[in-house]
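So the protein lines, in turn, are chains A and B.
Residue numbers for the first sequence follow our numbering, beginning at 1 and rising by one.
Residue numbers for the second sequence follow our numbering, beginning at 1 and rising by one.
The beta carbon of each residue, even a glycine, is placed where N, CA and C say it ideally should be.
Before any comments, here is the structure.
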Amino acid sequence: MNWYAIVDVLCVGSGAGGLAAAITAADAGANVLVVEKDSKVGGVTGISSGQCWMGGTKLAEKAGIADSRAETLEYLEHLSQGLGDPTLREVFVDRGNEVIEYLTDRIGIPFEVVEKYPDYYYPALKSGKAGGRYLEVAPFTASNLGEWADRCIVTSYGHHYAYSMSGEWVRHQDGSGPRIWDVLAEHVSKDERCAGAGLAAWLLKAALDRGVTFWLETPAVRLIVEDGEVIGATVRSGGVDRHVRARRGVLLATSGYDWNKEMVTRYEALPEAGTMCPPTVTGDHLVMAAEVGAIPYAARSPAQNSVFVGYRVPGELVYGQPSYRMLLPGTPHSIIVNRRGERFANDSFYPDVATKVARFDGQEEGMPNWPAWLVFDDNMRERYGLLPFFPGQELAEGMAQSAATLEELAALTGIDAAGLKATVQRFNGHCETGVDPDFGRGTVPWGALMTGDPSLEKNPNMAPLTKAPFHAVKLERVVMGTPSTGLKVDEFAQVINARGEAVRGLYAAGNAAAWIDIGGGYNSGISNTRGLLQGFVAARDMLRKGGSPSLPL
Amino acid sequence: MLTLRFDFRLAPQSPATMGEQYAAALDMVKWGESVGAINALFCQHHASADGYLPSPLLLASAAASQTRTLPITVGALLLLMYDPVKLAEDIAVLDHLSGGRVNYIVGLGYRNAEYAMFGVDPGQRGKQMEEYLDVLSRALKGEAFEWRGRAIDVRPRPRTANAAMLGYGGGTLAAARRAGSRGMPFMPQSADPALQAAYDEAAAAAGNPTGNYRVVPKGFPTSLFVAEDVDRAWDEIGPYLLHDAMVYSEWLDAVGAGASTYSGAKSVEALRAENGSYRIVTPEQAVALIGQYGFLGLHPQCGGIPPALAWRSLKLIEEQVLPAVRR
C-alpha cells in the first residue's frame, strides 16, 4: 500500500465523538489525524445546543444538586422502553461521568451545570430531575482559536443558536438574569461562542493544542482492511484519493444520514423529511462499515421522539438549499392540529407532538395526525414571532397561510373548518382557567421553560387565539443527526459485525453508533454526551493496542 | 500494555553481578512475553563506568532466542560506532534468527568519549551519519554496491524487505528531517511539535508518508515501578533510580544538552518529588496509567536494581495490575 500518511488514530468526522477521541489519544502521545468532509470543524455537535446530559456528576454535586447513579440509570431505563442494553447503559453513565471529569479536570474545558433546567420527563418520572443534569461549556472567545476561528463551525441558522447559553435562557425566563437579547448581542459583539459552537470551539482548541492534525473538505471513502483488521482508510482530498495508515484504529464519527434520502425514508419510515444538519451528513459510516461486515442496527422505533417536527421557510437558503427549521411548540396563542382540526397532543412539549404525528391507525390504514399544522393568531406573531422572524416581523411569503377568519384559514389549508373552530373555541375556553384537561398543555416543566411565557400567570404556554389574521404553518418532519439506525458497538465503541464479532481496528461514536445503550429513548443532550464518551472510550481502547518504548538518551 | 527496557547500568552499590543482571533480563523478557508485553528495548552506550550495555545486538539475539513473538527493539543503535557493513550482516542474521522481530532506532549519540573511542570526528558526524545510513540501508535492501572502494554484498539477505527494520531517533530538527526525507519511522526524544512538523515537511517534500513517528507524551513515566508500600520501595530502589538519573544528567550537562526528559535531581527525595520519568506507584495508580496511556514503560533493572527487588514490581504488575485491565 502506498501510504500518504501514517498515524496512530484516524478520526472520521469532527463532532463530539471525533474530537473527544482526538484529544484523548493525542493527550497520551498518539499521532492523530481528523478528516472532516465539511469545510469547518465541529459537525452536528457544533450546530447543536451544546448541551451534554448526564446524571450524578461531580459538577452537580458541587452545585448542591442531589442526584445519584441509581436514579440516572432508572431514568435512562425508562427511556429505553426495553430496547436498551443494561450493560451499555451503565457504560453510558459511568464512562460518561469519567469523560466529563477528564475534559473538565485534565483538559481544562469549563463545563458547568445548567441549573433549573429540567429533564424531559420531570416530574412525570420519579427519577427525573428538576435540574442539574444538563451541562454546557462556558462561552469560548473565538479569537483564541486564531486562524482556526473561521474554520470552526457556527450554525447557519442565526446567532441565537450559537451565541447564548442554556443557563442564560433559564435566567431570562425566570427573571433572575438579563434579557436574552441583550446577552446575545454582547456575545455576538465579542464573538463569544456558546452552545454547540462553543463546545466545538473548546474541543478544537484542546485538540490543536495537543498537535492533532485536521484535514478539512476530506471525506473518508473506504476502509482499508488487512487480515480482517481495519488498518486505515482511503480519504479524498481535492478529488485525489489518499491512503492513510492508522496504526491503532479508525473511528467513524460521521453522525447520521440526514441527507441520504433513501436511508431516511427506509430507516425512519419517513417519505419526506428535512434536516438542519450540514449536507455532509450522508451515512458514510454505514456504507464503509458494510464493506467489513457490519450491518445497520435500528435502536428504536421510528415513532419515538428524536425525529422532530418543524417547518420550511420559503426563500431562506441554508447550505445553498431551501431551509427547514425545527419547531419547539408551545408558544402562547398557538396550537397544533390535524386535518380534522383537532389537537392531538400536548402541543407545548415537542416529544409528545413528535410521537403522535407518527401515530398509525390500523382501521384507517393511515396517519390520523399527519399532515399537521401549527395554527396561531396574530398575537403570537406580534409578541413571540416564529423563527427566523422575531416578534412583530412579517413571516416570509408562503411560510404560512393567513386569513381573517378560522373558516377561511380552514378552506385555504384543507383543515376541517368545523373541527378547527370547535377546537379553538374549546382551547380558548381552557385558557381562561389555564388548565388543559385534554392534553395537559403547560404542565411539563421542560416545555414551559423552552416556549412558555412566564408572565402568563395561569399557564405559561396558554393564551387564546383571538386576533385576526389567523395563520397556519404546515409542519414537516425534521431529522437532526439523531438517527434511529447506526452501527452496533460494544462498551469500547468497537464496531460489531453481523456475526456479533468486534471488527478489529474499527470504532464508531456518537450518532454513527446505534443507540443501543438507551434504546429508543431520547432526552436532549444525550447525543453530545454519547459522542464524547464513545470517542473517549474508543481512543482509550486504541491506545491499549499501541505503545512504544521511549528512546533513551 | 507493557514495554521493557534494559540498559544494564550497574550502580557501584548494587550487589548484583553483570552476569546475574543479563540472566535476569532474559528471564524478564520471557516473563514479558508470557504476560503480553508489547516490546523489549535494548539500549547502547560506550565507555560508561557503570557498565552500560555497549553491545545491544548480542542481548537482542539472546532475548530473541528466549521468546517466540515478542517484538524487540535496539535503540538507540549508535551507528557511527560500527562498521556499517558488518552491522548490516549482524542485522541480517538476527533478522532470520528472530523471525523478523528485531527493529532498530538508529541514533547519532552525543558523548565525546564514545566518539573518541571509535575514531568518530564529532564535527563530521552528521555527514558521516548520512553516509552510513546509505550504506546500511542499501546493504539491508540486498543491493550489491561499492563503498569506499569496497565491493559490498551482504548475505544472507534479510528476511525483512526494504530495510523496514530501520527507524531513526533523535531530539533535533536535523534528526527529524533526516528521518522524514529518508522515509524512516521516527522516534523523537521529546514530544516537541516542532520535531513532528519538521518530519512531516521533509517527508512530504520527499514523497514519503507524513506522520510516521511514535511520540512518548510529556509526563509519561518512562521508568515505572509498582509497589504496595511506595515509601518502602523508594527506600529500596530510590538510590538506583537516582544513579541512573545522575549519570544521564552528567552526560547531558557535559555537552550542554538541556532539553531532557530526564531528571536534574541530586537526591532521592528530589527525584521522588519530581514525579516525572522515574515513578513508583500503587497497583491502582498503575491501572489508571494504563487507562490513560495504554501501556506502562518498565525499566526493571534501572540503575542496577538487583533481580529480587526488580521482580517484586513485575510480579505485582502481573498479579494486581494486568488482571484489572483489558487485554
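**Report entry** Cβ of M542 (chain A) within 9 Å of any chain D Cβ
**Finding:** No chain D is present in this structure, whose protein chains are A and B.
**Report entry** Under 7 Å by beta carbon: chain A residues contacting Y248 (chain B)
**Finding:** Residue 248 (chain B) sits at position 248 when you count from the first residue of the second sequence. Listed along the chain, the chain A residues whose CB falls inside 7 Å of the CB of Y248 (chain B) are L553.
Query raised in the report: Nearest to V313 (chain A) by alpha carbon, out of A:E98, A:T254, A:L412, A:E394?
Result: Here the question's residue 313 (chain A) lines up with position 313 in the first sequence. Selected option, being the one with the closest Cα: A:E394.
Query raised in the report: From R95 (chain A) to W515 (chain A), what distance separates their C-alpha atoms?
Result: Taking the first sequence and counting its residues from 1, the one referred to as residue 95 (chain A) is at position 95. Taking the first sequence and counting its residues from 1, the one referred to as residue 515 (chain A) is at position 515. Roughly 16 Å separates the two Cα atoms.
**Report entry** Within 7 Å of chain A by C-beta, residues of the region 4–18 of chain B in sequence order
**Finding:** Within the region 4–18 of chain B, the residues whose Cβ lies closer than 7 Å to any Cβ of chain A are, in chain order, R5, D7.
Report task. Using a cut-off of 7 Å between C-beta atoms, extract the partners of S127 (chain A) located in chain B. Result -> Looking up residue 127 (chain A) in the first sequence gives position 127. Proximity of chain B to S127 (chain A) at the Cβ level (cut-off 7 Å) is not reached, the minimal Cβ distance being about 29 Å.
Query raised in the report: Are T254 (chain A) and D227 (chain A) closer than 9 Å when you measure CB to CB?
Result: Translated into positions along the first sequence, residue 254 (chain A) becomes position 254. Translated into positions along the first sequence, residue 227 (chain A) becomes position 227. No, Cβ-Cβ distance for T254 (chain A) and D227 (chain A) is not below 9 Å.
Requested in this report: Can you say whether T571 (chain A) is buried or exposed, counting buried as having 16 or more other CB atoms within 10 angstroms of its CB?
Outcome: Outside the modelled stretch of chain A, which goes from 1 to 553, sits residue 571 (chain A), for which no answer is possible.
Requested in this report: Starting from the beta carbon of Y4 (chain A), find every residue of chain B whose beta carbon is closer than 7 Å, and list them in chain order.
Outcome: The sequence position of residue 4 (chain A) within the first sequence is 4, counting from 1. The answer, in chain order, is P209.
Query raised in the report: With 16 other CB atoms within 10 Å as the buried threshold, where does H96 (chain B) fall?
Result: By 1-based counting over the second sequence, the position of residue 96 (chain B) is 96. That one is exposed.
Query - Partner residues on chain B for L73 (chain A), Cβ-Cβ distance less than 9 Å - result: Taking the first sequence and counting its residues from 1, one reaches residue 73 (chain A) at position 73. Ordered by position in chain B, no residue passes the 9 Å Cβ test against L73 (chain A), which lies about 22 Å from the chain.
Query raised in the report: From which residue to which residue does the beta strand (DSSP E) around C11 (chain A) run?
Result: Position 11 of the first sequence, counted from the start, is the residue given in the question as residue 11 (chain A). Here the beta strand (DSSP E) through C11 (chain A) covers 3–12.
Query raised in the report: Any heavy atom of the ligand GDP within a distance shorter than 8 Å of the CB on V9 (chain A)?
Result: Annotation note on the ligand GDP: not contained in the displayed structure, which lists no ligands.
Report task. Give every residue of the same chain whose Cβ lies closer than 8 Å to the Cβ of S164 (chain A), excluding the five residues on either side of it in the sequence, and list them in chain order. Result -> In the first sequence, residue 164 (chain A) corresponds to position 164, counting from 1. Excluding residues within five positions, the ones whose Cβ falls inside 8 Å are I180, V183, L184, H187, C194, A195.
Requested in this report: Would you kindly report the start and end of the unbroken beta strand (DSSP E) that includes Y369 (chain A)?
Outcome: Here residue 369 (chain A) refers to the residue found at position 369 of the first sequence. Here residue 369 (chain A) is Asn; the residue named in the question, Tyr, does not match the sequence. Element bounds for N369 (chain A): n/a, residue is neither H nor E.
Query raised in the report: In whole angstroms, what is the alpha-carbon distance linking H430 (chain A) and R441 (chain A)?
Result: Within the first sequence, numbered from 1, the residue matching residue 430 (chain A) stands at position 430. Within the first sequence, numbered from 1, the residue matching residue 441 (chain A) stands at position 441. Using only the alpha carbons, I get a separation of about 10 Å.
Query raised in the report: In the structure shown, what three-state DSSP assignment does F295 (chain B) receive?
Result: Taking the first residue of the second sequence as position 1, residue 295 (chain B) is located at position 295. Coil, per DSSP.
Query - Where P193 (chain B) meets chain A, residues with beta-carbon distance less than 7 Å - result: Here residue 193 (chain B) corresponds to residue number 193 of the second sequence, with the count starting at 1. By Cβ distance, chain A contributes G211.
Query raised in the report: Would a check of beta-carbon distances place G237 (chain A) closer than 9 Å to chain B?
Result: Position 237 of the first sequence, counted from the first residue, corresponds to residue 237 (chain A). According to the sequence provided, residue 237 (chain A) is Ser. The question's Gly does not apply to it. No, its Cβ sits nowhere closer than 9 Å to a Cβ of chain B.
Query raised in the report: Comparing the C-beta of M1 (chain B) with each C-beta of chain A, is any distance below 9 Å?
Result: Looking up residue 1 (chain B) in the second sequence gives position 1. For M1 (chain B), the nearest beta carbon of chain A is closer than 9 Å to its own beta carbon.
Query raised in the report: Do V44 (chain A) and M480 (chain A) have their C-beta atoms closer together than 9 Å?
Result: Here residue 44 (chain A) corresponds to residue number 44 of the first sequence, with the count starting at 1. Here residue 480 (chain A) corresponds to residue number 480 of the first sequence, with the count starting at 1. Contact flag set, yes.
Query raised in the report: Between which two residues does the alpha helix (DSSP H) harbouring N379 (chain A) extend?
Result: In the first sequence, counting from the first residue as 1, residue 379 (chain A) sits at position 379. Run containing N379 (chain A): 378–383, per the alpha helix (DSSP H) assignment.
Query raised in the report: Does the beta-carbon distance from K116 (chain A) to L449 (chain A) come in below 9 Å?
Result: Reading the first sequence from its first residue, position 116 is the one you call residue 116 (chain A). Reading the first sequence from its first residue, position 449 is the one you call residue 449 (chain A). Going by C-beta atoms, K116 (chain A) is nearer than 9 Å to L449 (chain A).
Query raised in the report: Using 9 Å as the limit for Cβ to Cβ distance, is F214 (chain A) near chain B?
Result: As a working mapping, residue 214 (chain A) is identified with position 214 in the first sequence. Not an interface residue.
Query raised in the report: Among A:E397, A:L387, A:T213, which residue has its Cα nearest to the Cα of Y161 (chain A)?
Result: Looking up residue 161 (chain A) in the first sequence gives position 161. Checking every option, the nearest Cα to that of Y161 (chain A) belongs to A:L387.
Query raised in the report: If you measure from the beta carbon of W251 (chain B) to each beta carbon in chain A, is any gap under 9 Å?
Result: As a position in the second sequence, residue 251 (chain B) is number 251, starting the count at 1. Answer yes: the Cβ-Cβ gap between W251 (chain B) and chain A drops below 9 Å somewhere.
Report task. Tell me Y213 (chain B)'s beta-bridge partners as DSSP assigns them. Result -> Residue numbering aside, residue 213 (chain B) sits at position 213 when the second sequence is read from its first letter. Note: Y213 (chain B) is bridge-paired with B:F186 in the DSSP secondary-structure output.
Query raised in the report: Whole-angstrom Cβ separation of A70 (chain A) and L532 (chain A), contact assumed at under 8 Å?
Result: In the first sequence, residue 70 (chain A) corresponds to position 70, counting from 1. In the first sequence, residue 532 (chain A) corresponds to position 532, counting from 1. Not a contact, Cβ separation roughly 22 Å.
Query raised in the report: Should L560 (chain A) and V34 (chain A) be called a contact, given that it needs their Cβ atoms to be closer than 9 Å?
Result: Residue 560 (chain A) falls outside the range modelled here, since chain A spans only 1 to 553, and no answer is possible.
Requested in this report: Below 6 Å CB to CB, which residues in the same chain sit around L79 (chain B) once its five sequence neighbours on both sides are set aside?
Outcome: To locate residue 79 (chain B), count along the second sequence from 1; it is residue 79. Cβ neighbours of L79 (chain B) beyond the five flanking positions: V106, Y132.
Query - Cβ-based contacts, 9 Å cut-off: residues of the region 90–114 of chain B near chain A - result: Listed in sequence order: I105, G107, Y110.
Query raised in the report: Can you name the residues that DSSP bridges to W147 (chain B)?
Result: For this step, residue 147 (chain B) is matched to residue 147 along the second sequence. Looking at the DSSP output, W147 (chain B) bridges to B:R150.
Query raised in the report: Is there at least one Cβ from chain A nearer than 9 Å to R214 (chain B)'s Cβ?
Result: Mapped onto the second sequence, residue 214 (chain B) falls at position 214. Chain A contact via Cβ: present.
Query raised in the report: Under the rule that 16 or more other beta-carbon atoms within 10 Å means buried, what is V473 (chain A), buried or exposed?
Result: Residue 473 (chain A) sits at position 473 when you count from the first residue of the first sequence. Buried, because 16 or more other Cβ atoms sit within 10 Å of the Cβ of V473 (chain A).
Query - Contacts around K356 (chain A), its chain only, beta-carbon distance under 8 Å, and the 5 residues preceding and following it disregarded - result: Mapped onto the first sequence, residue 356 (chain A) falls at position 356. Correct list, in chain order: F344, A345, N369.
Query raised in the report: What in chain B is Cβ-close to Q33 (chain A), meaning under 8 Å?
Result: Start at 1 with the first residue of the first sequence, and residue 33 (chain A) comes out as number 33. Per the sequence shown, the amino acid found at residue 33 (chain A) is Leu instead of Gln. Taking a Cβ-Cβ cut-off of 8 Å, the neighbours of L33 (chain A) in chain B comprise G211, given in sequence order.
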